[in-house]
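Notes to accompany the following structure.
Protein chains: 2
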Amino acid sequence: MAAAEFWYEFASTYSYPAAMRVAALAGARGVALEWRPFLLGPIFAAQGWRDSPFNLYRNKGRYMWRDLERITAAAGLPFRRPERFPQNSLLAARVAVALDGEARPEFTRGVFAAEFGEGLSIADRERIAALVAAIGLDPDAVLADAESDANKARLKDQCARAAELGIFGAPSLVTGDGELFWGDDRLEQGLDWAAKHSGSTAKP
Amino acid sequence: MAAAEFWYEFASTYSYPAAMRVAALAGARGVALEWRPFLLGPIFAAQGWRDSPFNLYRNKGRYMWRDLERITAAAGLPFRRPERFPQNSLLAARVAVALDGEARPEFTRGVFAAEFGEGLSIADRERIAALVAAIGLDPDAVLADAESDANKARLKDQCARAAELGIFGAPSLVTGDGELFWGDDRLEQGLDWAAKHSGSTAKP
Numbered sequence: 030m031a032a033a034e035f036w037y038e039f040a041s042t043y044s045y046p047a048a049m050r051v052a053a054l055a056g057a058r059g060v061a062l063e064w065r066p067f068l069l070g071p072i073f074a075a076q077g078w079r080d081s082p083f084n085l086y087r088n089k090g091r092y093m094w095r096d097l098e099r100i101t102a103a104a105g106l107p108f109r110r111p112e113r114f115p116q117n118s119l120l121a122a123r124v125a126v127a128l129d130g131e132a133r134p135e136f137t138r139g140v141f142a143a144e145f146g147e148g149l150s151i152a153d154r155e156r157i158a159a160l161v162a163a164i165g166l167d168p169d170a171v172l173a174d175a176e177s178d179a180n181k182a183r184l185k186d187q188c189a190r191a192a193e194l195g196i197f198g199a200p201s202l203v204t205g206d207g208e209l210f211w212g213d214d215r216l217e218q219g220l221d222w223a224a225k226h227s228g229s230t231a232k233p
Numbered sequence: 030m031a032a033a034e035f036w037y038e039f040a041s042t043y044s045y046p047a048a049m050r051v052a053a054l055a056g057a058r059g060v061a062l063e064w065r066p067f068l069l070g071p072i073f074a075a076q077g078w079r080d081s082p083f084n085l086y087r088n089k090g091r092y093m094w095r096d097l098e099r100i101t102a103a104a105g106l107p108f109r110r111p112e113r114f115p116q117n118s119l120l121a122a123r124v125a126v127a128l129d130g131e132a133r134p135e136f137t138r139g140v141f142a143a144e145f146g147e148g149l150s151i152a153d154r155e156r157i158a159a160l161v162a163a164i165g166l167d168p169d170a171v172l173a174d175a176e177s178d179a180n181k182a183r184l185k186d187q188c189a190r191a192a193e194l195g196i197f198g199a200p201s202l203v204t205g206d207g208e209l210f211w212g213d214d215r216l217e218q219g220l221d222w223a224a225k226h227s228g229s230t231a232k233p
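Listed in order, the protein sequences are those of chains A and B. For what it's worth, this note's numbering labels the leading residue of the first sequence as 30, then goes sequentially. For what it's worth, this note's numbering labels the leading residue of the second sequence as 30, then goes sequentially.
Right, here's the structure in full:
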């Protein structure tokens, strides 16, 4: 079956519409999706950025917020700009990595909807606990698991793998045959590619 | 009538497919297009870049070349990566600014086809002269006009206006009501916007 990895960062603005749209787009094309939360911070730091490029480059940042407003309006998604950007996404990423199956995308959508749909803080421990509870899981158990050494290591490995794949931004889509597509605006193209090239020799 | 400004830089890779596609896309939507060549160099320099970000950020650059390969293949455009990137686009930009009417887009498409379709140098004076001759104009007269003080000032003014508009990359589309759309992948969206909002109070 055709497959693709969906790489996203909870602090990333364009990951919001992508996370809300990607499951339906993949389903329509028969593409099985792996949800891969990761952290962009180490990748940005490696190229000398200590802040989001949208803060470092003012015109690009101004454009991004307006673009996101237009994109979410066109997709029928609520949008509210959080006071702080980028947010600390470490706890959210650890929780997402700790969750399996459908719980991961469900939690992911909940976090993005809170962050960019309602403009809320996701660095907040109580908020993350509430978002875990909202998908029917026990927040204490999930948070304990998320902050275990084993799970912290899983997230670190995931970030190292993102760097190995040449990922430099979020969201990114990696197809079964190793093609990289960057950006919410490449989801359709990337998933079309994944569907079309599923017959090729897939990586194990 | 609906209108939009198409801002492009001859050294910019994504300006190539955009320049080849934009006239048909605008025509289909009844949008009148102003072709606006400019230089990204001063804008990049103002934010501390002394080279293309695709050279400064290696993974981003590697991605861009592969992405461009896929985009041109999908659009049925020839693609050959030039040996040198970015190229000195000053003379090409001066010539484009000096040309009026249909001569400007015709020359523009000729330059991009040579640069990224055939992988040729566009910094070369003889090549630019040949591209002027190819659209039926006298190269000596056009180059003299292009390098006059008045025309150099026109290009400088154009670059200053790009910065005023908040343009930070190429290609960019600016609609009659002042919306900015960045990237070859925003052409359709930007032109749709221009067509839809043509009835609004346009700027003089």
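Cβ atoms here follow ideal geometry from the backbone N, Cα and C, with glycine treated the same way. Note that the structure is a prediction, hence the values are computed from the model and not measured.
In this structure, how does DSSP classify residue i when only helix, strand and coil are distinguished?
i                      : result
residue 217 of chain B : helix
residue 10 of chain B  : An answer regarding residue 10 of chain B cannot be provided, because it is not within the stretch 30 to 233 covered by chain B.
residue 144 of chain A : helix
residue 40 of chain A  : coil
residue 160 of chain A : helix
residue 33 of chain A  : strand
residue 231 of chain A : Confidence at residue 231 of chain A is low in this model, with a pLDDT of 45, below 50, so its placement is unreliable and the value that follows should be read with caution. Note: residue 231 of chain A maps to coil in three-state DSSP.
residue 151 of chain B : coil
residue 193 of chain A : helix
residue 90 of chain B  : helix
residue 176 of chain B : coil
residue 69 of chain A  : coil
residue 49 of chain B  : helix
residue 187 of chain B : helix
Looking only at C-alpha atoms, which of the options sits nearest to residue i?
i                      : options                       : result
residue 68 of chain B  : B:132, B:222 and B:116        : B:116
residue 199 of chain B : B:34, B:71, B:43 and B:32     : B:43
residue 131 of chain A : A:174, A:94, A:147 and A:61   : A:61
residue 186 of chain B : B:123, B:218 and B:103        : B:123
residue 193 of chain B : B:59, B:58 and B:71           : B:71
residue 107 of chain A : A:63, A:49 and A:127          : A:49
residue 184 of chain B : B:98, B:65 and B:91           : B:65
residue 112 of chain B : B:145, B:31 and B:78          : B:145
residue 168 of chain B : B:121, B:56 and B:53          : B:121
residue 206 of chain A : A:216, A:197, A:160 and A:222 : A:222
residue 41 of chain A  : A:55, A:97 and A:33           : A:97
residue 234 of chain A : A:102, A:164, A:216 and A:79  : With chain A covering 30 to 233 only, the question about residue 234 of chain A has no answer from this structure.
residue 38 of chain B  : B:147, B:126 and B:103        : B:126
residue 94 of chain A  : B:224, B:226, B:211 and B:225 : B:211
residue 79 of chain A  : A:114, A:196, A:105 and A:195 : A:114
Over the uninterrupted beta strand (DSSP E) stretch that includes residue i, give me the two end residues.
i                      : result
residue 63 of chain B  : 61–66
residue 210 of chain B : 209–211
residue 202 of chain A : 201–204
Using the Cα positions of residue i and residue j, report the straight-line distance between them to the nearest angstrom.
i                      : j                      : result
residue 170 of chain A : residue 35 of chain A  : 26 Å
residue 176 of chain A : residue 166 of chain A : 16 Å
residue 150 of chain A : residue 189 of chain B : 39 Å
residue 142 of chain A : residue 46 of chain B  : 35 Å
residue 133 of chain B : residue 118 of chain B : 15 Å
residue 81 of chain B  : residue 73 of chain B  : 8 Å
residue 179 of chain A : residue 220 of chain B : 50 Å
residue 51 of chain A  : residue 208 of chain A : 17 Å
residue 63 of chain A  : residue 218 of chain B : 29 Å
residue 214 of chain A : residue 214 of chain B : 8 Å
residue 87 of chain A  : residue 156 of chain B : 37 Å
residue 110 of chain A : residue 136 of chain A : 20 Å
residue 75 of chain B  : residue 203 of chain B : 21 Å
residue 138 of chain B : residue 57 of chain B  : 19 Å
residue 59 of chain A  : residue 31 of chain A  : 7 Å
residue 92 of chain A  : residue 100 of chain A : 12 Å
residue 158 of chain A : residue 152 of chain A : 11 Å
residue 83 of chain B  : residue 84 of chain A  : 19 Å
residue 11 of chain B  : residue 225 of chain A : With chain B covering 30 to 233 only, the question about residue 11 of chain B has no answer from this structure.
residue 102 of chain A : residue 173 of chain A : 37 Å
residue 161 of chain B : residue 182 of chain B : 21 Å
residue 227 of chain A : residue 227 of chain B : 44 Å
residue 216 of chain A : residue 53 of chain A  : 11 Å
residue 231 of chain A : residue 90 of chain B  : Unreliable placement is indicated for residue 231 of chain A, whose pLDDT of 45 sits below 50; the coordinate value is still reported in the next sentence. Going from the Cα of residue 231 of chain A to the Cα of residue 90 of chain B covers about 26 Å.
residue 148 of chain A : residue 147 of chain B : 48 Å
residue 197 of chain B : residue 77 of chain B  : 13 Å
Note the first and the last residue of the continuous alpha helix (DSSP H) segment covering residue i.
i                      : result
residue 76 of chain B  : Segment: none, residue 76 of chain B is in no alpha helix (DSSP H) and carries neither H nor E.
residue 167 of chain B : Premise fails: residue 167 of chain B is in no alpha helix (DSSP H) and is neither H nor E.
Runs of alpha helix (DSSP H) wholly within the segment 107–139 of chain A (minimum 4 residues, chain order): Whole alpha helix (DSSP H) segments, 4+ residues: 119–127.
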